[in-house]
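Visitor: Each residue of the sequence shown is one higher than the last, beginning at 1 in full-length UniProt numbering.
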Amino acid sequence: MNEIIKETQSICPVCLKIVKATVVKECDDLYLTKNCEEHGFFKTVIWRGKPSYDSWKRNKSPAYPKVPYTKVEKGCPHDCGLCSDHRQHTCTVLIEVTSRCNLSCEFCFADAHGNGTDPDMGTIEMWYSRIIEAGGPYNLQISGGEPTMREDLHEIISKATNMGFKFIQLNTNGINLKNYSYYEKLKEAGLKSIFLQFNSKDIIQDKLKVIEYSAKLGIGVILVCTVVPNKNDNILWDIIDFGLKNAPTVRGVHFQPVSYFGRIPKLPEDKDRITLPEVISKIVQQSDNKIKLSDFAPSGCENAYCSFHANYISVDGKLITVSRKNECCGEENGKEGSKKSKRFVERNWSGVKINKYIPKKNSFEELNQKIKNGFFSISGMAFQDAWNVDTQRLKDCCIHVVSKEGNLIPFCAYNITTLDQKKLYR
Numbered sequence: 001m002n003e004i005i006k007e008t009q010s011i012c013p014v015c016l017k018i019v020k021a022t023v024v025k026e027c028d029d030l031y032l033t034k035n036c037e038e039h040g041f042f043k044t045v046i047w048r049g050k051p052s053y054d055s056w057k058r059n060k061s062p063a064y065p066k067v068p069y070t071k072v073e074k075g076c077p078h079d080c081g082l083c084s085d086h087r088q089h090t091c092t093v094l095i096e097v098t099s100r101c102n103l104s105c106e107f108c109f110a111d112a113h114g115n116g117t118d119p120d121m122g123t124i125e126m127w128y129s130r131i132i133e134a135g136g137p138y139n140l141q142i143s144g145g146e147p148t149m150r151e152d153l154h155e156i157i158s159k160a161t162n163m164g165f166k167f168i169q170l171n172t173n174g175i176n177l178k179n180y181s182y183y184e185k186l187k188e189a190g191l192k193s194i195f196l197q198f199n200s201k202d203i204i205q206d207k208l209k210v211i212e213y214s215a216k217l218g219i220g221v222i223l224v225c226t227v228v229p230n231k232n233d234n235i236l237w238d239i240i241d242f243g244l245k246n247a248p249t250v251r252g253v254h255f256q257p258v259s260y261f262g263r264i265p266k267l268p269e270d271k272d273r274i275t276l277p278e279v280i281s282k283i284v285q286q287s288d289n290k291i292k293l294s295d296f297a298p299s300g301c302e303n304a305y306c307s308f309h310a311n312y313i314s315v316d317g318k319l320i321t322v323s324r325k326n327e328c329c330g331e332e333n334g335k336e337g338s339k340k341s342k343r344f345v346e347r348n349w350s351g352v353k354i355n356k357y358i359p360k361k362n363s364f365e366e367l368n369q370k371i372k373n374g375f376f377s378i379s380g381m382a383f384q385d386a387w388n389v390d391t392q393r394l395k396d397c398c399i400h401v402v403s404k405e406g407n408l409i410p411f412c413a414y415n416i417t418t419l420d421q422k423k424l425y426r
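(1) By the three-class DSSP mapping on this structure, what secondary structure does P257 have?
(2) For N191, does the three-state DSSP call read helix, strand or coil?
(3) For the alpha helix (DSSP H) that contains F344, what are its first and last residues?
(4) Can you grab the Cα-Cα spacing for the pair S350 / K57, in whole Å?
(5) Kindly examine the ligand FAD and report whether one of its heavy atoms sits closer than 7 Å to the Cβ of I175.
(6) Do you know offhand how far S307's Cα is from P298's?
(7) Bridge partners for K159 per DSSP, in chain order?
(8) Tell me which residues share the same chain as K282 and place their Cβ nearer than 7 Å to its Cβ, disregarding the 5 neighbours each side in the sequence.
(9) Between the C-alpha atoms of I194 and I168, what's the straight-line distance to the nearest angstrom?
(10) Within the continuous beta strand (DSSP E) that includes T92, where are the two ends?
(11) Report all residues from its chain with a CB closer than 8 Å to the CB of L208; omit the five preceding and five following residues, and keep chain order.
(12) Using DSSP with H/G/I as helix, E/B as strand and the rest coil, what is M1?
(13) Buried or exposed for D295, going by 16 or more other Cβ atoms inside 10 Å?
(14) Please confirm if the stretch 65-76 is in contact with the stretch 309-316, defined as three or more CB-CB distances below 8 Å between the two stretches.
(15) Spatial neighbours of G374 within its chain, please: C-beta separation below 6 Å, excluding the five flanking residues on both sides.
(16) For H86 versus S338, is the C-beta distance shorter than 8 Å?
(17) Classify residue 435 as buried or exposed, calling it buried when 16 or more other Cβ atoms lie within 10 Å of its own Cβ.
(18) Rounding to the nearest angstrom, what Cα-Cα distance links E155 and S214 in this structure?
(19) May I have the straight-line CA-CA distance separating W387 from D272, to the nearest angstrom?
(20) Could you tell me which residues DSSP pairs with M149 in its beta bridges?
(21) Can L267 and L419 be called in contact, C-beta distance under 8 Å?
(22) Leaving aside the five residues before and after T321 along the sequence, list all residues of the same chain whose C-beta is less than 6 Å from its C-beta, in chain order.
(23) Return helix, strand or coil for A297, following the three-state DSSP convention.
(24) Residue range of the alpha helix (DSSP H) that A215 falls in?
(25) Would you decide whether Q286 is buried or exposed? Buried here means 16 or more other CB atoms lie within 10 Å of its CB.
(26) On a Cα-Cα basis, can you pick out the residue from H400, L140 and R426 that is closest to P65?
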């Protein structure tokens, strides 16, 4: 028997019209169902397995935008900017500095390609100013396309540094970072971390060179894996293990269950999806229980059903969990959650100084160094697409993309793509 868990709103994946939606439970699986008067009924899996959907629930007080840039007129998700109905402060802002790329990945939320016109420095400076006016500066991720296609990337980073952005991260496939002199310029300009694409074990040698240079420059590395069922969901622990073996330069691994927007090979069925609890369970199983199910918790910033994290100290080959548990019965403070998340990323995803000095064995100084250098995070985020988007989750988003006009758009809303490749904002 089906159980109705909640009523919400979504959009039709054909026409983008706002429609009523319901989250229903069938056995242990959760589905988002919705009906468009013109285009019919849609049903998409959103949660399978353990941890259970109920156990992952977290109550959070709203944190409305300090400076809303758009008015509430059409309804979510058609008024993003942010509007005054948005329920979460910004933690990380993403800017796209190019649509060009030197790869043609099967899945690409940006639908990047080999050519295009890049935004000029005046436009990028305007974006930075708009971010600051909206309450920033926030953590900044520079993305694309492939941002290293730009020869002036160091100038873009330097401008952000000079305008007060403290944590600057680069979303990259790493190909052009094998040019050390190019990479060094980015470090000198203020780059703190890279989000390094890492979807298979076949590209390890290329990634090792980038990690080597990152260690030399003191830049933190987060390995980022798009998880696709029956393609790479059997090597999740292998990727984590690779990261641990290359710590402390590699600060963690971030998993992104495949979402169907941008460039995709085909229209999705439920068998083509993998949900957050399935990713967690596969990590636990593949690790031979080195990683425990109880290590994982929802975020303290965005909606609980958007992400997971598990934090560890790796000491002498052993993983010691230091994950914060959300065991409070009342509401968590959304405003404080955003601040904590921002500080956490800035502190733990930046590079560490690898000191050649070796402290005395079994001393407090040695323990302190092991803890500082041994931090390692495993995290994941489930982006929403036109089939499974829930506006209640969307209103809790803390990761925002700057539009061409300088508005802040929740990441999932910005990338939503219809059946015929019509975009909501992009």
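Cβ atoms here follow ideal geometry from the backbone N, Cα and C, with glycine treated the same way.
Guide: For this structure:
(1) As a position in the sequence shown, residue 257 is number 257, starting the count at 1. Reduced to three states, the DSSP call for P257 is strand.
(2) Mapped onto the sequence shown, residue 191 falls at position 191. Correcting the residue identity first, residue 191 is Leu in this sequence and not Asn. Reduced to three states, the DSSP call for L191 is coil.
(3) Numbered from its first residue, the sequence shown carries residue 344 at position 344. G334 to N348 is the extent of the alpha helix (DSSP H) around F344.
(4) By 1-based counting over the sequence shown, the position of residue 350 is 350. By 1-based counting over the sequence shown, the position of residue 57 is 57. The alpha-carbon atoms of S350 and K57 are separated by roughly 30 Å.
(5) This structure does not include the ligand FAD; it has no bound ligands of any sort.
(6) Taking the first residue of the sequence shown as position 1, residue 307 is located at position 307. Taking the first residue of the sequence shown as position 1, residue 298 is located at position 298. Approximately 6 Å between the Cα atoms of the pair.
(7) Position 159 of the sequence shown, counted from the first residue, corresponds to residue 159. Its beta-bridge partners do not exist; DSSP assigns none.
(8) Taking the first residue of the sequence shown as position 1, residue 282 is located at position 282. Here the set comprises D233 and L236.
(9) Stepping through the sequence shown from its first residue, residue 194 is reached at position 194. Stepping through the sequence shown from its first residue, residue 168 is reached at position 168. I194 and I168: Cα-Cα distance of roughly 9 Å.
(10) As a position in the sequence shown, residue 92 is number 92, starting the count at 1. First-last of the beta strand (DSSP E) with T92: T92 to E96.
(11) Within the sequence shown, numbered from 1, the residue matching residue 208 stands at position 208. Contacts found: N246.
(12) What you label residue 1 is simply residue 1 of the sequence shown in a count that begins at 1. Correct three-state label for M1: coil.
(13) As a first step, residue 295 must be located in the sequence shown, where it is residue number 295. Under this definition D295 is a buried residue.
(14) no
(15) Numbered from its first residue, the sequence shown carries residue 374 at position 374. For G374, where only same-chain residues beyond five positions count, the Cβ hits under 6 Å are I313, S314 and V315.
(16) Looking up residue 86 in the sequence shown gives position 86. Looking up residue 338 in the sequence shown gives position 338. No. Outside cutoff.
(17) What is shown of the chain runs 1 to 426, which leaves residue 435 out entirely.
(18) If you number the sequence shown from 1, residue 155 lands on position 155. If you number the sequence shown from 1, residue 214 lands on position 214. Cα to Cα, E155 sits roughly 19 Å from S214.
(19) As a position in the sequence shown, residue 387 is number 387, starting the count at 1. As a position in the sequence shown, residue 272 is number 272, starting the count at 1. Distance between the alpha carbons of W387 and D272: 13 Å.
(20) Taking the first residue of the sequence shown as position 1, residue 149 is located at position 149. Answer by DSSP bridge pairing: none, since M149 is not bridged.
(21) Counting from 1 along the sequence shown, the entry for residue 267 is found at position 267. Counting from 1 along the sequence shown, the entry for residue 419 is found at position 419. Going by C-beta atoms, L267 is nearer than 8 Å to L419.
(22) Position 321 of the sequence shown, counted from the first residue, corresponds to residue 321. Answer for T321: D295 and Y312, listed in chain order.
(23) Numbered from 1 along the sequence shown, position 297 holds the residue referred to as residue 297. A297 falls in the strand class under three-state DSSP.
(24) Locating residue 215 in the sequence shown gives position 215, counting from the first residue. I204 to L217 is the span of the alpha helix (DSSP H), which, as asked, contains A215.
(25) On the sequence shown, residue 286 is found 286 positions in, with the first residue counted as 1. Classification of Q286: buried, given that the 10 Å Cβ count is 16 or more.
(26) As a working note, residue 65 is residue 65 in the sequence shown. Looking at the Cα atoms, H400 is the closest of the given residues.
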